[in-house]
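Enquirer: Here you go, one structure.
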Ligand SMILES: Nc1ncnc2c1ncn2[C@@H]1O[C@H](COP(=O)(O)OP(=O)(O)O)[C@@H](O)[C@H]1O
Ligand SMILES: [Mg+2]
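In my numbering, the protein residues as written are 6 to 238.
As structure tokens, then:
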């Protein structure tokens, strides 16, 4: 089937079913908008495993996503959507760019979760947008934006509670939403340690892509250790 799009982490193919796509998780790891790159054997398998697991778990809590089913170690079928070009970032604890921007130490616990919205545009370096920019650029209406934010916060609550069972803190994560042919907003893309920050609540050990970004530990072993901790296989 036709390759529709190749991104940094996944390839998107058409299928012979209308509105159904096949997503293949690649072994490529990138950071800093593609400046740092590597190819890590087994990464695609692990992220397909995590993403399938989290989408299924969310479905069990009544939160729908594009996920249909996992069809091989590295592939899943998803509902096709028109991606809303926003990186919807939910943050519980300051880390990464937020810690820098507000002048706090990484690990600064915020009073409540906050949402950051970035324009999904590699050429522009994914700049942060406010609600006005998003409305005026016709990226989403105010109404759609409220729905997206509410869903993101709901997903945050489910994921925080889930990780708490394993003594892991959900520091932050990035979501993408899309629009179905009939105009509904649906959670899409992926949920994996590539798109979340996950720290051991006691030791603060990182179980996410920061180990790759910052050369802290090997990525595959770190993701495998997370899968083992969560009992996902
Ligand atoms: N259900 C979907 N329908 C259409 N496109 C999707 C869907 N889910 C994810 N995508 C898109 O697939 C592309 C490939 O993913 P990825 O490799 O992570 O790309 P990127 O390099 O843009 O982060 C992205 O543009 C993402 O927005
Ligand atoms: Mg991506």
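C-beta atoms are modelled at their ideal positions from N, C-alpha and C, and glycine is treated no differently.
Which residues count as close to ligand 2 when the rule is a CB under 7 Å from any of its heavy atoms, in chain order?
Expert: With the cut-off at 7 Å, the residues found are 12, 13, 14, 15, 194 and 195.
Enquirer: Let's test the definition: count the other Cβ atoms within 10 Å of the Cβ of residue 30 and tell me whether it reaches 16, buried, or not, exposed.
Expert: Classification for residue 30: buried.
Enquirer: Between 111, 71 and 90, which has its C-alpha nearest residue 209's C-alpha?
Expert: Per the Cα distances, 111.
Enquirer: According to DSSP, what are the bridge partners of residue 34?
Expert: DSSP, once it has assigned bridges, lists 43 as partnering residue 34.
Enquirer: Quick one: is residue 236 buried, meaning 16 or more other Cβ sit within 10 Å of its Cβ, or exposed?
Expert: So residue 236 counts as exposed.
Enquirer: Please classify residue 14: is it buried, with 16 or more other beta-carbons within 10 angstroms of its beta-carbon, or exposed?
Expert: Classification of residue 14: buried, given that the 10 Å Cβ count is 16 or more.
Enquirer: With distances taken between CB atoms, is the gap from residue 46 to residue 32 smaller than 8 Å?
Expert: For residue 46 and residue 32, yes; Cβs fall inside 8 Å.
Enquirer: Can you give me the C-alpha to C-alpha distance between residue 87 and residue 147, rounded to a whole angstrom?
Expert: Each residue's alpha carbon lies about 18 Å from the other.
Enquirer: Give the DSSP-derived three-state secondary structure of residue 144 in the structure shown.
Expert: Coil at residue 144, not helix or strand.
Enquirer: Between the stretch 153-163 and the stretch 51-58, are three or more C-beta pairs nearer than 8 Å?
Expert: In short, these stretches do not touch, since the Cβ pair count stays below three.
Enquirer: Return the CA-CA distance between residue 2 and residue 17, expressed in angstroms with no decimal places.
Expert: As displayed, the chain neither begins before 6 nor continues past 238, which places residue 2 out of reach and without an answer.
Enquirer: Determine which residues share a DSSP beta bridge with residue 11 and list them.
Expert: Residue 11 pairs with 16.
Enquirer: Once you ignore the five residues that flank residue 145 on each side, which residues in its own chain have a CB closer than 8 Å to its CB?
Expert: Around residue 145: 89, 91, 139 and 153.
Enquirer: For residue 229, which residues of its own chain have a beta-carbon under 8 Å away from its beta-carbon, when the five flanking residues on both sides are left out?
Expert: The residues are 47 and 51.
Enquirer: So for residue 113, helix, strand or coil by DSSP?
Expert: Looking at residue 113 - three-state DSSP - the assignment turns out to be coil, as it is neither helix nor strand.
Enquirer: Within the continuous alpha helix (DSSP H) that includes residue 233, where are the two ends?
Expert: 224-235 is the span of the alpha helix (DSSP H), which, as asked, contains residue 233.
Enquirer: Are the stretch 169-181 and the stretch 191-202 touching, with three or more C-beta to C-beta distances below 8 Å?
Expert: Contact holds: three or more Cβ-Cβ distances are below 8 Å.
Enquirer: In terms of residue numbering, what span does the beta strand (DSSP E) encompassing residue 212 cover?
Expert: Looking at the DSSP string, residue 212 is not in any beta strand (DSSP E), and its letter there is neither H nor E.
Enquirer: Let me make sure I understand the geometry here. Which of 179, 150 and 187 has the alpha-carbon closest to that of residue 160?
Expert: The option with the nearest alpha carbon to residue 160 is 179.
Enquirer: Along the chain, which unbroken stretches of the alpha helix (DSSP H) at least 4 residues long are found entirely within the stretch 123-170?
Expert: 136-141 and 147-169, all fully within the stretch 123-170.
Enquirer: Pick from 96, 142, 117 and 119: whose alpha carbon is nearest that of residue 125?
Expert: The candidate whose alpha carbon is nearest that of residue 125 is 142.
Enquirer: Within a Cβ cutoff of 6 Å, which residues of the same chain sit near residue 99, ignoring the five residues on either side of it in sequence?
Expert: Once the five neighbours on either side are set aside, the close Cβ partners of residue 99 are 109 and 113.
Enquirer: From the DSSP output, read off the bridge partner residues of residue 87.
Expert: Residue 87 is bridged to 184.
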